[in-house]
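Working notes, structure below.
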Amino acid sequence: MGVGEIDPLRALNPGLVFKTELEDYLKFLCYYGYSKKNIRSMSKTNFNCPKNSSEDLISNINYPSISIKTLGRHQKAKVVTRTVTNVGPTNSTYIAKVQAPKGMVIKVIHNKLLFYGGIQKRSYQVLFYNNDAQSGYNFGSITWLDGKHYVHTIFGVNTK
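Residue numbers for the sequence shown follow my numbering, so the first one is 97 and each next one is one higher.
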């Protein structure tokens, strides 16, 4: 699933960006099961994995897309956190618009992001509910709009 055609001029003024740092990539290795020793050897750092690391936490790495490995029917919500940085106008307000797959409910907590006084970061959570989605991969999107910019987050959820 793509997010549309490439527009080089829009890429110069995206409005919001998802910054993925070295720590995010190191956490990915932890969540995927790499040992602390191997991660330290590869990264040349003294990085420590978060406690209770598991593949389920990979969804929380700050990518501009979201992938959920498994979401069972009627199980409690899967909560994913994202942080965006405003690189657009100093004073901006973004509103979230959700396109949910049939049988799923998607809620954005902090569905209005207010930026003022320079480059700032804001975090939000996305709650995924599988009420009765078709088994397999289901796709949708969250679009942040401020009247000039539209920032897409696509997601894929494997439902059981």
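A virtual CB, placed ideally from N, CA and C, is assigned to each residue, including glycine.
Check	Outcome
Helix, strand or coil at PHE224 according to DSSP, with G and I counted as helix	strand
SER188 to GLY214 span [Cα, whole Å]	10 Å
Contacts around ASP120, its chain only, beta-carbon distance under 6 Å, and the 5 residues preceding and following it disregarded	ILE157, ASN158
Straight-line gap, LYS193 to VAL180 (C-alpha atoms, nearest Å)	16 Å
Euclidean distance between Cα positions of THR249 and SER155	13 Å
Helix, strand or coil at ASN156 [DSSP, three-state]	helix
Sub-8 Å separation of ASN254 and MET200 beta-carbons	no
C-beta contact flag for ILE162 and VAL204 at 8 Å	no
Chain-order list of residues whose beta-carbon lies under 8 Å from that of PRO110 (same chain, five-residue window excluded)	VAL183, GLY184, HIS245, VAL247
Residues bridged to PHE251 [DSSP beta-bridge criterion]	ILE162, GLY236
Proximal residues to GLY252 (C-beta, below 6 Å), its chain only, five neighbours per side dropped	SER163, TYR233, PHE235
Among PHE211, GLY243, TYR225, nearest to LYS172 - alpha-carbon criterion	TYR225
Buried versus exposed call for LEU112 [16 or more other C-beta atoms within 10 Å across all chains shown]	buried
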